[in-house]
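Input: a single structure, listed below in structure tokens.
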């Protein structure tokens with residue numbers, strides 16, 4: 001009995017140590033996405049998604065409701081699950097507006113927002129077979145407790161409840177590019193559409209998403225930092241492996257091991273003339289010696305993406321012409337960055353970059369060529385001077401060596 005009690009005490013003690021220094025030993029309910037309870041290493045208490053707290057999601061919904069006309073309804077559908085084969089899905093990526101407003105990272109749901117009803121979420125129902133194949137998903141309970149929806153229903157209730165909401169609304173806004181048949185096939189929705197009551201929601205949500213919160217800016221900077229580190233590692237790797245496919249795999253690996261969930265888009269790795277294809281994505285060619293390689297890439301970190309492009313010689317050295325063009329573009333880039341401040345529009349920035357590029361190209365090239373020629377002349381003069389000094393030293397050494405050899409032959413000591 002004493003042995004049993006001692007073993008139990010040891011188990012309790014070990015459990016407390018694990019709980020304190022690693023993860024809780026208590027079973028945490030799985031809702032199909034990370035939570036502070038299931039991922040304490042990734043999320044702080046009060047966060048719905050890593051880095052974004054519930055108060056921020058509620059604030060976003062409140063701002064959207066204030067932008068919408070009175071007595072109107074906003075419908076946002078989650079992204080659908082896309083299948084690679086009959087039973088194998090592609091990696092799921094949530095529809096941006098749905099994620100922005102709810103924090104839910106799973107398929108199968110529809111969110112409805114109005115100033116009258118607040119947030120109403122229709123959540124998918126999972127069968128034992130669904131759970132066996134794809135695991136747990138967030139349901140009605142999670143909609144209320146995690147995402148803080150004022151109303152939450154099973155998706156099977158959507159036709160009845162949403163039809164009533166549409167009927168009593170003067171206008172209906174939805175994302176027409178990602179609309180779901182779960183609601184577009186409803187008679188009330190079709191009727192509203194025929195009467196001109198249905199409008200696009202994108203202009204409202206995109207206006208909100210233009211202004212980033214401090215939490216969002218932090219995630220964007222982290223995403224950019226990961227992409228920068230991944231690109232630098234890939235540049236170092238390229239000399240030994242001048243292959244587009246290998247470099248594409250390398251940059252994804254470097255981003256993923258630093259915490260990115262996925263690439264922001266399929267990386268463009270274009271060697272030589274392939275770099276001139278804007279969305280080149282084959283990435284299946286060897287990079288010829290002497291060619292440059294362009295890498296256009298970015299990564300996604302908890303819904304926030306980065307995007308950067310760099311060009312370099314995998315062999316490690318630019319040709320003279322490549323260096324001239326690179327320096328010209330680099331100077332244009334630096335001048336354009338100076339304009340990246342409040343009040344400057346994207347259109348102005350783009351126009352100015354063309355003005356810098358076209359207006360200064362010949363002058364810059366002439367100036368750089370003149371500077372390079374002067375530097376080459378100086379190097380040549382320095383080399384000539386150095387060679388002259390070296391040759392004199394060699395001649396003197398030979399002379400001394402011959403003198404010493406002669407003395408030895410004659411048996412004369414110095």
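In full-length UniProt numbering, the protein residues as written are 1 to 414. Heads up, the beta-carbon is just placed ideally off N, CA and C, and yes, glycines get one too. Keep in mind the model is a prediction, meaning the values are calculated, not measured.
| Query | Result |
| --- | --- |
| Exposure label - residue 90; buried when at least 16 CB within 10 Å | exposed |
| 3-residue-minimum beta strand (DSSP E) runs that sit fully inside the UniProt domain "Aminopeptidase P N-terminal" (52-183), ordered along the chain | 72-77, 110-114, 118-123, 151-154 and 171-174 |
| Environment of residue 103 [buried if 16+ CB atoms lie within 10 Å] | buried |
| Contiguous beta strand (DSSP E) assignments of at least 3 residues, all confined to the segment 290-355 | 293-297, 299-301 and 308-312 |
| Between the CA atoms of residue 140 and residue 130 - distance to the nearest angstrom | 16 Å |
| Three-way DSSP call (helix, strand, coil) for residue 49 in this model | strand |
| Boundaries (first-last residue) of the alpha helix (DSSP H) holding residue 199 | Unbroken run through residue 199 is the beta strand (DSSP E), 198-200; no alpha helix (DSSP H). |
| Own chain partners of residue 277 with C-beta closer than 7 Å, once the 5 adjacent residues on each side are dropped | 270 |
| Beta-bridge partners of residue 251, as assigned by DSSP | For residue 251, which the question treats as bridged, DSSP gives no partner whatsoever. |
| Of the listed residues 96, 294 and 260, nearest to residue 248 (C-alpha basis) | 294 |
| Per DSSP, the bridge partner or partners of residue 243 | 286 |
| DSSP bridge partner residues for residue 262 (one or two, in chain order) | 300 |
| Cα-Cα separation, residue 163 to residue 112 | 12 Å |
| Residue 271 - DSSP class collapsed to helix/strand/coil | strand |
| Span separating the alpha-carbon of residue 119 from that of residue 339 | 40 Å |
| Nearest-angstrom Cβ-Cβ length linking residue 198 and residue 72, presumed shorter than 8 Å | Actually they do not touch by this definition, with Cβ atoms about 11 Å apart. |
| Cβ neighbour criterion (16 or more within 10 Å) applied to residue 20 | Interpretation of residue 20 is limited by its pLDDT of 31, a score under 50 that renders its predicted location unreliable; no figure is taken from the coordinates. |
| Residue of 67, 50 and 309 minimising C-alpha distance to residue 207 | 67 |
| Span of the alpha helix (DSSP H) around residue 34 | No alpha helix (DSSP H) holds residue 34; DSSP gives it neither H nor E. |
| Residue 238 burial status per 10 Å Cβ neighbour count (16 or more: buried) | buried |
| Contact under 8 Å by Cβ, residue 125 with residue 156 | yes |
| Residue 58 versus residue 142 - alpha carbon distance | 15 Å |
| CA-to-CA distance, residue 284 to residue 314, given in whole angstroms | 16 Å |
| Where residue 217 falls: helix, strand or coil (DSSP) | helix |
| Cβ-Cβ distance between residue 31 and residue 146 below 8 Å | yes |
| Residue range of the unbroken alpha helix (DSSP H) whose run includes residue 191 | 187-194 |
| Proximal residues to residue 289 (C-beta, below 8 Å), its chain only, five neighbours per side dropped | 242 and 315 |
| Residue 48 versus residue 347: straight-line alpha-carbon distance, rounded | 35 Å |
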